[in-house]
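Written out below as structure tokens is the structure these notes cover.
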Amino acid sequence: MPELLLALDAGTTGARAMLVNPAGAVLGVDKRAIASHFPAPGFVEQDAAEVWDICRAVIDGALAAAGRSISDVAAFGVTTQRASIVLWDRATGEPVAPMLVWSDLRGMDEYKALRAAGFTSWPQVPSAKLPAAIALSGRDPKDLQWGTLDSWLTYRLSGAHVTDASAAWLTGYYDYANGSGWDAALLAHQKLPLTMFPAQVDSWGAIAESDPAVIGAQVPITALIADQEAAMVAHGALERGDWKATYGTSGVLMAGTGDAPETIHNSMPAEALAFAGGRARFCVEGMVITTGSMIEWLCGGLGLFASPAAMEAAAASVADAGKVVVRPSLAGMGAPHGLFETRGLIAGLSFADGPGQVARAALQGIAFRFREIADVIADALPVPEALPVAGGLSASDTLMQLQADALQRPVRRHAVREASAYGAALAAGMGAGLFGESDLKRLARYDAEFLPKVGRAEADAAFARWRDAVAV
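Every letter in the sequence shown is one number past the one before it in the numbering used here, and letter 319, counting from 1, is 309.
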């Protein structure tokens, strides 16, 4: 009798599959890189067909790593990075344009025009860029289907053209006024047929079934949820006042607002956390646009460090950053600033400084950007006793300690760094009826806790100095 949970997690820089048992133990993982292409400044593209091939490969890889087969899988969960655009031919299912990644900024003019016309939009969301993708294809929209990456992968797995509220909400096309469906006025404004758009389904439950010709078995797909929201599931953070931080390619601080959407700041609008079982839950988030990507750039782009591990060692080798400050904003400043054309900054250098000070200042800059967001959320929502964290960059003990110091509260690191994949597996388990929401806290395990090592006055003074130094 199959009982295992298989999650597919397609992020911005890589895809992974994870096999989990009903007790929450990770049995096998496989991860492979996804290449991005930058045809012009501010343009970020990926090859949707290549992304699918990579995802198909990691599914096999995770099963092989666990010594299991697809016939052992009871339920499948899909989670992906949000707000990227895949456009494909309705008849053939083949992509007809490059995938426009969420961080692509070619939609800036359309975003401004939509806002001026009274529509809800942001520079990174599909409503600002779907017209550009259609123009790239050179095709009639009536002959096309589109979706965010979750839709594309589910389509390839099953033939179903679907998405969930957590992804739909961040397209700019969601019907926010009515709480479901697509905004008919916006579709009319952009002359887009509704037939292009996926059906909206629950975040977990009976969604679709995989095609045996594709993965070798007919497996129920019982979870479809965006990556940051899946990470909330991994922490069991579904209620008002539940927080989590994820440190990945970008960084996200997210907090639940319960059963009602709340916009607590103009840079942190309400979002759908999960719609399932007849209940809608909402959240807010603040994004640090470049966190892990900032580290990769310092290593590969500037060549300051041989690897992220070498950078971590350099940061740990010095007691402080001296007067060096870093604004980790290579692709704009997200919440609470909303300055998408602001760029990064390294300042305060002297002959006394070396790689260690720069490395530590970069990590401290990330920690302080999270504090900026946390301060805004704390003014509107309950604050947890400790901040649960995950994501690849959370493996940095130095960053986690700097974060605890900056926030003046404990930081608890999830034992499974790949929280989005783990959360998608748990969501699939709930969708299949293997366990319920009340089990999520038990299934969330933490392997380290970082306590503040400096006092409030020292932390506040350091934060104020950084904020003044990097002010735009």
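Ideal Cβ placement from N, Cα and C applies to all residues, glycine included.
Values in this document were obtained by computation on a predicted structure and should not be read as measured data.
Item	Value
Residues near T3 in its chain [Cβ-Cβ closer than 7 Å; skip 5 each side]	A23, I24, T239
Top-ranked residue by Cα proximity to M323, from I356, A224, R105	I356
Pick from I336, A325, T153, W233 that is closest to L292, judged by C-alpha positions	I336
Span of the beta strand (DSSP E), counted from its first residue to its last, around P42	Reading off the sequence shown, one finds Trp at residue 42, where the question assumed Pro. Looking at the DSSP string, W42 is not in any beta strand (DSSP E); the run it does join, the alpha helix (DSSP H), is 38 to 56.
Euclidean distance between Cα positions of T332 and R105	20 Å
Beta-carbon proximity of F265 to S193, cut-off 7 Å	yes
Whether G282 touches V314 by CB criterion (7 Å)	no
CB contact check: H225 to chain C, cutoff 7 Å	Absent from the structure is chain C; it holds one protein chain and no more.
CA-to-CA distance, A157 to G413, given in whole angstroms	15 Å
Local Cβ density within 10 Å of G14, reported as buried at 16 or more and exposed below that	buried
Stretch-stretch touch, CB-based, cutoff 8 Å, three pairs: the region 346 to 365 with the region 224 to 241	yes
Sequence-distant residues of its chain with Cβ nearer than 7 Å to A221 (five each side left out)	K234, T236, A380, A409, S410, G413
Whether V68 touches T161 by CB criterion (7 Å)	no
Spatial neighbours of A417 in its chain, beta-carbon cut-off 6 Å, leaving aside the 5 residues before and after	G67, W194, A213, I215, V223
M186 vs W136 beta-carbon contact at 7 Å	yes
Buried versus exposed, by CB contacts within 10 Å (16 or more), E275	buried
C-alpha distance - Q208 paired with R58, whole-angstrom precision	16 Å
Cutoff 6 Å; reference H225; Cβ partners in own chain excluding five residues on either side	K234, P378, A434
Own chain partners of V152 with C-beta closer than 7 Å, once the 5 adjacent residues on each side are dropped	S141, T144, P188, A189, V191, I197, A198, L214
Bridge partner(s) assigned by DSSP for T70	A0, A216
Length-filtered (4 minimum) alpha helix (DSSP H) runs lying within the region 323 to 390	345 to 368
Nearest to M244 (by Cα), restricted to the options A250, G231, A174	G231
Residues of its chain near T388, where Cβ-Cβ distance is below 8 Å and the 5 sequence neighbours each way are ignored	E302, A305, A306, R350, L353
Within 7 Å, strictly: CB atoms of I60 and A7	no
L139 - DSSP class collapsed to helix/strand/coil	helix
For A396 and A342, the rounded distance between their alpha carbons	25 Å
Rounded straight-line distance, which links the Cα of A150 to that of M(-9)	26 Å
Where the beta strand (DSSP E) through D228 begins and ends	Inspection of the sequence shows that residue 228 is occupied by Leu rather than by Asp. Where L228 is concerned, there is no enclosing beta strand (DSSP E), given that its DSSP letter is neither H nor E.
Exposure of L371, with buried meaning 16 or more beta-carbon neighbours within 10 Å	buried
Coil, strand or helix - P460 by DSSP	The identity of residue 460 in the sequence shown is Val, whereas the question assumes Pro. V460: helix per DSSP, three-state reduction.
Cβ neighbours of V401 in the same chain (closer than 6 Å, five flanking residues each side left out)	L377, V379, M390, Q393, A394, F440
Reference Q71; option with closest CA among A55, M89, L(-6)	M89
Host beta strand (DSSP E) of D165 (start-end)	Looking at the DSSP string, D165 is not in any beta strand (DSSP E), and its letter there is neither H nor E.
Under the three-state DSSP convention, the category A411 falls into	helix
K102 classed as buried or exposed, judged by whether at least 16 other C-beta atoms fall within 10 angstroms	exposed
Stretch-stretch touch, CB-based, cutoff 8 Å, three pairs: the region 115 to 124 with the region 89 to 99	yes
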